[in-house]
Amino acid sequence: MYGSDKVPDDSERTAFRRAEKQYKLYYESNSKKKKQPKHVDLSDVLDFKNILESSNNNGEIPPGIVALSSNFGLPVFRLENRPGFYFIPEALSIEEQCRWIKESLISFPQPPNRTNHNAFYGRIHDLFSAAKERKFLESSKDDDDDTKEWKLVEEDQRNYDVSLAHNKIPDALCELAKRMASPAMPNGEEFKPEAAIVNYFGLGDTLGGHLDDMEKDWSRPIVSMSLGCKAIFLLGGKSREDPPLAMFLRSGDVVLMAGEARECYHGVPRIFTDKENADISHLELQFSQEEDCCFLEYIQTSRININIRQVF
């Protein structure tokens, strides 16, 4: 009748949950100085940056990984035991990364687009500008339209409600998604970008294991772009009991998930914000001008994920 206070040991957790726990950020409990992250063994994490370098230098690729050519001049890797999963390392140029970081902070949260702030604050305009000026907003839901919008979001969070007001996906982002999606598209068909979700990760944030299963046709890929600090991505199987593969995601990497891969549990248990592991020196250089200091301050401790979907 009553819940147990017992904390489950590893034998009671699923394989996916054990992997999440393995890579999650924990701190040393006995540190007397600044909180120190616990050491994590990363030796089993796939590193497609190293795989790309090895492939370019001597043509060697680890077993189970296949290199494909693309129509946009970049190598694409797929996993033999995860059909429908594709990894495109360094897919976005530095200029593209900076552009979409800025758009993600300035433009994408603008109403009528919905964010997770809507439920508490209603619509918020110019959120990043307010953050730069260190402004604070108190809760207010006096606007009837905001309250109604919040209720629609809360009551049916996982459905695409095309009747709600929203901004069009920028043409440049659509063209980028179409180009990146081509290795996973059946019979050379063109990907149709119809919805986009932007996830923002800070220090200690995670994305638990889940499936992306709301779209009508799973043969069409989800195009997932990484920006900012390096992360660990877990790609499991069709059951949470299937041991997941861990791999690094760096700024500029693109992942495609289509077909059978859409049935695989996946998540992000860790982002790295320390200077040694974040791998964002190219962004720090690009955002070194005074007018970009706020973007630099944000991205030094954050990761942004833009994933684009064909809904119908």
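Counting in UniProt numbering, the sequence shown runs from 1 upward without gaps. Quick reminder that beta carbons are idealized off the backbone N, C-alpha and C, glycines included.
When the five nearest sequence neighbours on each side are left out, the beta carbons in the same chain lying within less than 8 Å of the beta carbon of proline 37 are those of Leu25, Tyr26, Tyr27, Glu28 and Asp274, in order along the chain. Taken atom to atom, the span from the alpha-carbon of aspartate 205 to that of arginine 270 is near 7 Å.
Straight-line spacing of the CA atoms in proline 221 and glycine 259 works out to 7 Å. In this structure the stretch 301 to 310 touches the stretch 228 to 235; the number of beta carbon pairs closer than 8 Å is three or more. By the CB criterion at 8 Å, phenylalanine 272 and alanine 278 fall inside the cutoff. Annotated three-state conformation of serine 239 is coil, per DSSP. The shortest C-alpha to C-alpha distance from proline 183 to any of Asp44, Met214 and Val223 is the one to Val223. Within the same chain, Ile232, Ala246, Met247 and Phe248 come within 7 Å of valine 45 by CB-CB distance, once the 5 residues on both sides are set aside.
According to the DSSP assignment, arginine 309 belongs to the beta strand (DSSP E) that extends over 303 to 309. DSSP places tyrosine 298 in the uninterrupted alpha helix (DSSP H) bounded by 293 to 299. By DSSP's assignment, arginine 220 forms no beta bridge with any residue.
Its chain contains Arg179 as the residues whose beta carbon lies nearer than 6 Å to that of phenylalanine 72, once the 5 sequence neighbours on both sides are disregarded; these appear in chain order. A direct Cα-to-Cα measurement between histidine 210 and asparagine 307 gives close to 14 Å.
A straight-line Cα-Cα distance of about 12 Å links glutamine 22 and proline 244. Residue environment analysis places phenylalanine 312 among the exposed positions, since fewer than 16 neighbouring C-beta atoms fall within 10 angstroms of its C-beta. For the pair of segments examined, the stretch 56 to 72 was found not to touch the stretch 109 to 128: the number of CB pairs separated by less than 8 Å stays below three. The bridge partners DSSP lists for tyrosine 200 are Ile304.
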